[in-house]
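Asker:
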Amino acid sequence: MSSSHSAVLVIQGGRVIDPANGVDGVRSVVVRDGRIAEVSERVETPRDARVLDARGRWVTPGFVDLHVHLREPGHEYKETVETGSRSAAAGGFTSVCAMPNTVPANDNASVTELMLARAAGAGLARVYPLGCITRGRKGEELAEYGELKAAGCVAVTDDGSPVASAAVMRRALEYARAFGLPVAVHEEDLLLVGKGVMNEGATATRLGLNGNPAQAEEVMVVRDVALAELTGGRLHICHLSAAGSVRAVREAKRRGLPVTAEASPHHLTLTEEDVAASDYDTDMKMNPPLRSAADVRAVQEGLADGTIDAIATDHAPHAVEDKKVEFDAAANGIIGLETAFPVVAELCRRGVISEKRLVEALTSGPCRCFSLPGGTLSVGAPADVAVVDPNAEWVVDPERLHSRSRNTPWKGRRLRGRVTHTVLGGRVVHEWSPR
Amino acid sequence: MIGRHRHLLSLEAYSREDILQILDLAVTMKEVLSRPVKKVPSLRGKSVVNLFFETSTRTRSSFEIAAKILSADALNWTASGSSVSKGETLLDTARNLEAMRPDVLVVRHAAGGAPSFLARHVACSVVSAGDGAHEHPTQGLLDTFTLREKLGTLEGKIVAIVGDISHSRVARSDLHAMTKLGARVRFCGPPTMIPKGAEALGATVHHELREAVNGADAVIMLRIQHERIGDPLIPNTREYSKFWGLNVRKTNEWLKPDAVILHPGPINRGVELSSDVADGPHSLILDQVQNGVAVRMAVLYLLCGGSGESARAKEGLTP
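For the protein sequence lines, the chains are P and F, in the order given.
Numbering follows this note's numbering, with no gaps: position 413 of the first sequence is 413.
Basically this note's numbering = 1-based index in the second sequence + 1000.
Laid out in structure tokens, this is it:
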């Protein structure tokens, strides 16, 4: 990696897509001392510069993921901050938001500090921890948002454990305003979900699995939009999966409420039918579950029209023993960092979204949701860059991914689009070449 | 093998021909049951393991006796008092049993898809004896066998299945087998017991019993499980019985005179069926139990390497 420490890096002749600056065209990017020094059609290449030939490739701001489970502390057998950061780098992500469902939960500064120390040690991605909404993610007492923010948290969430009490949620949205923190929510009415393990509908009926209705998400989205209106707090809806939720967020935005939303690559591309087609593959089990084709179309439309601000992977590593069990007993979630780009790039080829919109939803879009730095190639900004070959084809071999876990529904599938280089603060932290 | 199948995991995946192969062989097997010496050597040296994670008397005994009549060795392994209570995974349990080299693993499990999961990871044949609310394929086969025996054919017949369709693996297996053989299937029950998308599976949905049984050639009454009352799918068994149970008056007034009544058992007498109907002239409930043995003999025989023809010609199954 010695070459990556050159003072000057020139990423030459790629198609630079930088939606925040309205740039889409062939440019060269000069990186000096870890920052973007110049983006233009013709640049001078200093003698000692490292030159990265990006012809035929896209050069974009490093991707930003609002929703990643790094599992440390507590579940290091699934993932660590280091292995998760390596997986992020391999997927073109230079910033990841770490969810607080660790053990212990990230409801206090000491856990936040541990995550940040591990992230600094790995040095492969910028890690932004999310703190808890409530202590221990129990939905009762508020966590100390001021202390969490001071330690480095960028938002609060009880991810995976929806705040059941509207009264607690109201206070969370109100109190978070004191620190300008968004409140990110995993929307699910647990009583309505019951024992549901996949989307309720004809497919679940055929497979004999308990259904989780799309409305279990929608009713909570509707509730929290109303509470955002009541409180003026910043609400961020995690992994939207249902048509009704998309409608509710669209309406909230139309009314000018401070609501943002994300969607995952799997909820944008896979349906409940994939559970059946895979014969109960537990790598098709996640929460929210894969929904109907109509829901997927609605989520895609939400991404296209800006209702959905960000593509977030919900990277959820689980070990083999968590997944190699009967469907009902399997852990929810899949890894997603290394497959995100090719999976969502498919939406461009199908004409669902533009290439600019795709890059925006991976960069400046998520940054706006949590007021994160980065997401652009502005001169002077830290040089976080992804270089992707939009046409490279590869077959997903879980053994060759960088995450500690292997739980991907795309195993064995041929994907198109590959991140060839990831640059973090001017350093090349990931490099891939076809064989 | 049954058609191209090494396992019996669902009837949805089976073709009409696969189902007919089993039913035709079961006719021969049923004849064996009527002999004074109920034993044939067909599966001597083969072993069948019954791996039951849910309690069952009828189905487990039926598989056991089917194996024994065919001279296979049968081992019963139940989840209670086993390594499951020590936290062993389903797969580990199955692999340990597999290490004893059975030819067939008969599995009942509360999770839909559990038999398919095992089938992917073990070398022997797997037969589902019921998985969650997914399927109970041998029950579907024995119900279909029973109807074919009484009605001559399923072609053009109307079958009403009444009860908690949402949680019923029997309803799903019956639906798949019977529609493949040309019957039209109606599902009936309160809306809380009808799963989403039932029509997409090929059934028509009715909420009134009278409408569902009108003109039906067969009525299959499902067991109402008491735990569904608090769920809450129904207020109580009294109200259920009043609107969706069958008694003699409704049977005489609403059913065709030659309609037959089935029930997968065990019956809640006085809830879904009154005693005089369960024991009355329309009822085929005890025929179902006997046919269950014949159908399971046919399934075990075919999966252990026999073919329908050789069964009759070589193995002395015909008198």
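Positions of the beta carbon are idealized from the N, C-alpha and C atoms, including for glycine.
(1) Tell me which residue opens and which closes the beta strand (DSSP E) that Q12(P) is part of.
(2) Taking just the CA atoms, how far does S1168(F) sit from A1026(F)?
(3) With DSSP collapsed to three states, give me the class of D389(P).
(4) In the segment 215 to 264 of chain P, which residue ranges form an unbroken beta strand (DSSP E) of at least 3 residues, counting only runs that do not cross its ends?
(5) With the cut-off set at 7 Å, would you say T422(P) and A202(P) are in Cβ contact?
(6) Ignoring anything shorter than 3 residues, give me the beta strand (DSSP E) runs that lie fully in the segment 1205 to 1259 of chain F, in order along the chain.
(7) Under 9 Å, CB to CB, which of the residues in the segment 181 to 215 of chain P have a partner in chain F?
(8) Distance cutoff 7 Å, beta carbons only. Does V325(P) sit that close to anything in chain F?
(9) Taking only three categories from DSSP, how would you classify T339(P)?
(10) Quick one: residues in its chain with C-beta nearer than 6 Å to the C-beta of L401(P), no 5 flanking neighbours on either side, listed in chain order?
(11) Give me, in chain order, the residues of the same chain whose beta-carbon lies closer than 6 Å to that of H1380(F); leave out the 5 immediate sequence neighbours on both sides.
(12) Establish whether the CB of K1196(F) and some CB of chain P are separated by less than 7 Å.
(13) Which first and last residues belong to the beta strand (DSSP E) in which I133(P) is found?
(14) Need the endpoints of the alpha helix (DSSP H) that T1176(F) sits in, please.
(15) By the 10 Å Cβ neighbour count, where 16 or more other Cβ atoms means buried, how is S28(P) classified, buried or exposed?
(16) May I have the straight-line CA-CA distance separating I11(P) from P434(P), to the nearest angstrom?
(17) Measuring alpha carbon to alpha carbon, tell me which residue in V1162(F), E1239(F), V1185(F) is nearest R1210(F).
(18) Determine the direct distance from the alpha carbon of E301(P) to that of L1175(F), and round the result to whole angstroms.
(19) Quick check: the segment 1180 to 1190 of chain F against the segment 1012 to 1019 of chain F, are there 3 or more CB pairs under 8 Å?
(20) Leaving out five residues before and five after T60(P) in sequence, what residues of the same chain have Cβ atoms less than 6 Å from its Cβ?
(21) Taking only the alpha-carbon atoms, compute the straight-line gap between W432(P) and G84(P) and give it to the nearest angstrom.
(22) Measuring CB atoms only, is the segment 1047 to 1065 of chain F touching the segment 1107 to 1115 of chain F, in the sense that at least three cross pairs come out at less than 8 Å?
(23) Quick one: which chain P residues come within Cβ less than 9 Å of L1201(F)?
(24) Could you pull out every residue in the same chain whose Cβ sits closer than 7 Å to the Cβ of L458(P), ignoring the five residues on either side in sequence?
(25) Helix or strand or just coil, what does DSSP make of G194(P)?
(26) Using a Cβ-Cβ distance under 7 Å, would D328(P) count as near chain F?
(27) Just the C-alpha distance for L462(P) and P390(P), rounded to the nearest angstrom, thanks.
(28) Looking at the C-beta of H1134(F), does it have a partner C-beta in chain P at a distance below 7 Å?
(29) Please report the distance separating the alpha-carbon of E187(P) from that of N101(P).
(30) Pairing CB atoms from the segment 1241 to 1253 of chain F with CB atoms from the segment 1285 to 1302 of chain F, are three or more of them under 8 Å?
(31) Going along the segment 269 to 295 of chain P in order, which residues come within less than 8 Å of chain F, judged by CB to CB distance?
(32) I want to know whether the segment 165 to 173 of chain P touches the segment 187 to 199 of chain P - three or more CB-CB distances under 8 Å.
(33) Going by DSSP, what residues sit across from L1147(F) in a beta bridge?
(34) With a 10 Å radius around its C-beta and 16 neighbouring C-beta atoms as the bar for buried, classify E1253(F) as buried or exposed.
(35) By the criterion of Cβ-Cβ separation under 8 Å, what are the contact partners of L1008(F) in chain P?
(36) Answer with yes or no whether the minimum CB distance from A1026(F) to chain P is below 7 Å.
Answerer: Taking the structure as given:
(1) 8 to 18
(2) Their Cα atoms are separated by approximately 24 Å.
(3) strand
(4) 235 to 237, 259 to 263
(5) no
(6) 1218 to 1221
(7) G194, V197, E200, G201, A202, T203, A204, T205, R206, L207, G208, L209, N210, G211, P213
(8) Using a Cβ-Cβ cut-off of 7 Å, V325(P) counts as an interface residue toward chain F, since at least one Cβ of chain F sits closer than that to its own.
(9) coil
(10) If we look at L401(P) and ignore the five residues flanking it on each side, its Cβ neighbours are E338.
(11) Limits of chain F in this structure are 1001 at one end and 1319 at the other, which puts residue 1380(F) out of reach.
(12) Answer yes: the Cβ-Cβ gap between K1196(F) and chain P drops below 7 Å somewhere.
(13) Element bounds for I133(P): n/a, residue is neither H nor E.
(14) Position check: residue 1176(F) holds His in this sequence, whereas Thr was assumed. Taken as a continuous stretch (DSSP letters only), the alpha helix (DSSP H) holding H1176(F) covers 1169 to 1180.
(15) buried
(16) Cα to Cα, the separation comes out at about 19 Å.
(17) V1162(F)
(18) 37 Å
(19) yes
(20) Only residues of its own chain outside the window of five on either side were considered, and among them I17, V359, A386 have a CB closer than 6 Å to the CB of T60(P), listed in chain order.
(21) 18 Å
(22) yes
(23) A202, T205, R206
(24) Since the first and last residues shown for chain P are 1 and 435, residue 458(P) lies out of range.
(25) coil
(26) yes
(27) Residue 462(P) lies beyond the range of chain P shown here (1 to 435); nothing can be said about it.
(28) True, the Cβ-Cβ gap to chain P drops below 7 Å.
(29) 15 Å
(30) Verdict: no, contact absent.
(31) Listed by position along the chain: D279, Y280.
(32) no
(33) Answer is none; L1147(F) lacks a bridge partner.
(34) By the neighbour-count criterion, in which 16 or more other beta carbons inside 10 Å mark a residue as buried, E1253(F) falls on the exposed side.
(35) Neighbourhood of L1008(F) in chain P, by CB distance below 8 Å: empty, with the nearest CB roughly 15 Å away.
(36) Chain P places no beta carbon closer than 7 Å to that of A1026(F), leaving this residue out of the contacts.
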